[in-house]
Structures are given as structure tokens and as C-alpha cells.
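The sequence shown begins at 14 in my numbering and counts up one residue at a time.
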Amino acid sequence: MTTETALTATDLRLLAEAGGAAPSLHNSQPWRFRPTPDLLGLEVHADPRRAVPVADPDGRALHISIGAALFNLRVAAAHLGREAGVRLLPAGAGVQPCAVVDLSAPARAPEPFGKDLYRAIAARHSSRQPFTNRDVPEALVADLISAAQAEGVTLTMLEEHGVRRVLALTSEAEGRIAADLTRESETRRWLRLEPSYDGIPLAALGSHDHDARVPMRSFTGHPPHHTTPAGRFEALPQLAILTTHFDHPADWLRTGQAMERVWLLATVHGLRASVLHQAVEIPDTRWRLRDPADGPAHAQLVLRLGYGPPGAASPRRPVEDILDTPQA
Ligand SMILES: Cc1cc2nc3c(=O)[nH]c(=O)nc-3n(C[C@H](O)[C@H](O)[C@H](O)COP(=O)(O)O)c2cc1C
14 MTTETALTAT
24 DLRLLAEAGG
34 AAPSLHNSQP
44 WRFRPTPDLL
54 GLEVHADPRR
64 AVPVADPDGR
74 ALHISIGAAL
84 FNLRVAAAHL
94 GREAGVRLLP
104 AGAGVQPCAV
114 VDLSAPARAP
124 EPFGKDLYRA
134 IAARHSSRQP
144 FTNRDVPEAL
154 VADLISAAQA
164 EGVTLTMLEE
174 HGVRRVLALT
184 SEAEGRIAAD
194 LTRESETRRW
204 LRLEPSYDGI
214 PLAALGSHDH
224 DARVPMRSFT
234 GHPPHHTTPA
244 GRFEALPQLA
254 ILTTHFDHPA
264 DWLRTGQAME
274 RVWLLATVHG
284 LRASVLHQAV
294 EIPDTRWRLR
304 DPADGPAHAQ
314 LVLRLGYGPP
324 GAASPRRPVE
334 DILDTPQA
């Protein structure tokens, strides 16, 4: 069944705003949304001007970011009463979209991904603040695992030895990244593009309990805690790793959708999150991130989860910059 009701300009803005609120590497926002000629769907394109080629030469993080925007579009589509039929990386002539979202059918369920996810899109921010030592409840962990699984991605909450291993690899990668001048100048270019970025606060995540101190990157314009004493951070961070069986662009788009689905669900439950990406940016630390016991899994993203203050909102490009006008 189709509604055959064309998307209005208001619908298109709502969809693009939701997509544009997604998290992205360096807040690069590497997406463009193009209405289909019949106005019954949207194409999601990568914006090559927003790529981060030194830190992300294969476009893996770019696809993860676009996947997150795509998941927000699906949630927003349900909010508009439409079913989102997604085709990833459709083949064809010309410039290829990362995804085509058919929005011609009415939604089968009002909130297909869980309650209040649409509101969570605007409420979700990276939180790089100290978290408390409160554990994420088992039942919520199980729901986060199921949310990722529904997108074809495995979420694993790490045990203590895994957390220490990942923190050590993140620190090692951070050191190598900081010593790489080309990469450093690329990051600074992103900082300049966003006037409200005022630097990369190298905050220590960690505590007296372990050696690994993990610098975190912030793009909110409010460097939160580089002066925060390490002792104020949670004793042992709660880290989750997202892995996929294969490592192709479609897997990266799925990872982004899973990350955002997990992050929005976490937000609904008052759980905060931030990304620790350094170790996946370097091939050999990325390889060592995977737990050999998991078989041929590819590490895609590390999320730090916990309870604490919300992160600050970070800037976004205006809708006019990310939404193409419908073709006549
Ligand atoms: C692929 C990817 C990698 C990221 N890497 C990091 C990171 O290493 N450190 C960090 O603090 N945030 C990281 N982020 C979060 C972004 O900086 C953040 O999403 C962006 O600045 C927008 O802010 P928001 O999440 O509050 O909306 C990453 C996000 C994505 C999607």
C-alpha cells in the first residue's frame, strides 16, 4: 500500500533536520539529502567536500556518520507516519547515493524502534563529562545489544580486561595521531571551519585505578573537562564495541545506523555516550581491538556509556546547505 502523498517542504525540512542532527567524525556532517523527483522519497548522498581523508582514508567513518543520519531519517519518517524502505548503495548510472529511502507507504507502527526515539534525536549529544560509577543495568544492556543486532551489527559490552585493553590501545593510537603533523593540520582545518570549536581538549578519562589515560576530542565549543582531575572520572569506564562480520561500505552504513539506534535508545533511558575513535583510525591498533575469541569480527566503533551530565549541543549546518531543492 502506498500513500502517494508527496512530501511537503515542511516534511523535507523535518527529515533533513533529523538527519543533520546525527553524530559525525569531527562534526564533519558529510551528508546531503536529495528528494526523489516524485517527492515520495529521499536520496542520501555523501558530500565529498566534507570528507576527512587523512584520518579516514577509506571513508569508513564517513559511511558510519551517514548511517547515523540515515537512522535518524527512518525515525523521523515514522514520526511523519511514513514507512522508510531503505536501499543501501543501489547500483546505477551517475553519482551514486549511499542510500535511497522510499517514503511512499504509511508507517506500519507509530514508533517502530521504541518509544520517544524521535524526541531523543535532538536531546542526544556526545557527553565527554565524568560519569558516575553506576552500572548500566543488565536489562538495558540487553536492549542495546538487541537494537544493534536489529541493524545487523554486534554490540559487546566489555569486561574489565577488555576495557583496559581498549583504553591502552586508544592511548597508544592517540599518541601516534598527535605526532602526525598532516593529520594534525587536517583536524585543525575542521576546527577552523567551525568557529565555535576552540580546540581539542585533551582530557584524561581514567582514574587512579588504571594506567590508561584516554584523551578525548570535543567539538562542542565548550571544552568540558581538560582541567577535570582524572580522579573525578568513573573508576572503570563502561565501554561497548560495535563489530561487523564483513568490512565493506554497506557494513559501515549499518554500523552507523546501529550506533545511532543504540545512542537514541540510551538517551531515552538517561544514559550518556561518547565515541572513542582513535584506535580504529590506525590499522594495526584497529586490528588489535578485536577480541580474537570473537572470530573474524571487524571493530568499527567504541562507545563509552554511563550516567552523568548531558553533553552540550554542537553546531550544525543550516538545512539549506544539506537539503537539495526538489527538481522541477
Ligand atoms: C565515526 C565517528 C567518530 C567519532 N570520533 C570521536 C572521537 O574520537 N572522540 C570524540 O570525543 N567524539 C568522537 N565522535 C563524536 C563527534 O565528535 C560528535 O558526534 C560531533 O562532534 C557532533 O557532536 P554530538 O555528538 O554532540 O552531536 C565521533 C563520531 C563519529 C560518528
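Using N, Cα and C, we set each Cβ at its ideal position, and we do this for glycine too.
Cβ separation of residue i and residue j, assumed to be a contact under 8 Å, to the nearest whole Å
| i | j | result |
| --- | --- | --- |
| threonine 268 | leucine 278 | Incorrect: roughly 16 Å between the Cβ atoms, too far for contact. |
| alanine 263 | leucine 102 | 6 Å |
| glycine 321 | glutamine 142 | 5 Å |
| alanine 133 | threonine 280 | 4 Å |
| alanine 29 | valine 332 | 5 Å |
| alanine 310 | histidine 258 | 7 Å |
| leucine 168 | isoleucine 158 | 5 Å |
| alanine 68 | arginine 196 | 6 Å |
| valine 65 | alanine 59 | Not a contact, Cβ separation roughly 12 Å. |
DSSP state of residue i mapped onto helix, strand, coil
| i | result |
| --- | --- |
| alanine 286 | strand |
| glycine 269 | helix |
| aspartate 297 | helix |
| leucine 83 | helix |
| alanine 104 | coil |
| arginine 329 | coil |
| glycine 319 | strand |
| arginine 121 | coil |
| arginine 95 | strand |
| leucine 38 | helix |
| leucine 252 | strand |
| serine 220 | With a pLDDT of only 34 at serine 220, under 50, the local geometry of the prediction cannot be trusted, and the value read off the model is given with reservation. It is coil, neither helix nor strand. |
| alanine 68 | coil |
| glutamate 30 | helix |
| arginine 73 | helix |
| threonine 23 | helix |
| leucine 302 | helix |
| arginine 137 | coil |
| glycine 324 | coil |
| proline 130 | The amino acid occupying residue 130 in the given sequence is leucine; proline does not appear at that position. Three-state result, leucine 130: helix. |
| aspartate 51 | coil |
One or two residues paired with residue i in a DSSP bridge
| i | result |
| --- | --- |
| phenylalanine 46 | Val57, Leu336 |
| threonine 257 | His311 |
| alanine 112 | Val57, Leu101 |
| leucine 8 | The shown model of the chain, from 14 to 341, leaves out residue 8, and the question about it has no answer. |
6 Å CB neighbourhood of residue i in its chain, flanking five on each side removed
| i | result |
| --- | --- |
| arginine 329 | Gly33 |
| alanine 90 | Ala97, Leu116 |
| alanine 292 | Leu182, Thr183, Ala186, Thr298, Leu302 |
| glycine 324 | His138, Ser139, Ser140 |
| arginine 147 | Tyr320 |
| glutamate 294 | Ala68 |
Residues of its chain near residue i, where Cβ-Cβ distance is below 8 Å and the 5 sequence neighbours each way are ignored
| i | result |
| --- | --- |
| leucine 266 | His76, Ile77, Ile79, Gly80, Leu83, Leu101, Leu102, Cys111, Ala112 |
| arginine 285 | Ser140, Gln142, Phe144, Ala279, Leu318, Gly319, Tyr320, Gly321, Pro322, Pro323, Gly324 |
Contact set for residue i: own chain, Cβ-Cβ below 7 Å, skip 5 residues either direction
| i | result |
| --- | --- |
| proline 208 | Any reading at proline 208 needs caution, since the residue's pLDDT is 44, under 50, leaving its predicted position unreliable; the model's value is listed next. Excluding residues within five positions, none has a Cβ falling inside 7 Å. |
| proline 339 | Pro48, Leu52 |
| arginine 121 | Glu96 |
CB contact below 9 Å: residue i versus chain D
| i | result |
| --- | --- |
| serine 198 | Protein chain content of the structure displayed is limited to a single chain, and chain D is not contained in it. |
Item to complete: Note down, one range per segment and in chain order, each beta strand (DSSP E) of at least 3 residues found wholly within the stretch 140 to 211.
Response: Correct list: 167 to 170.
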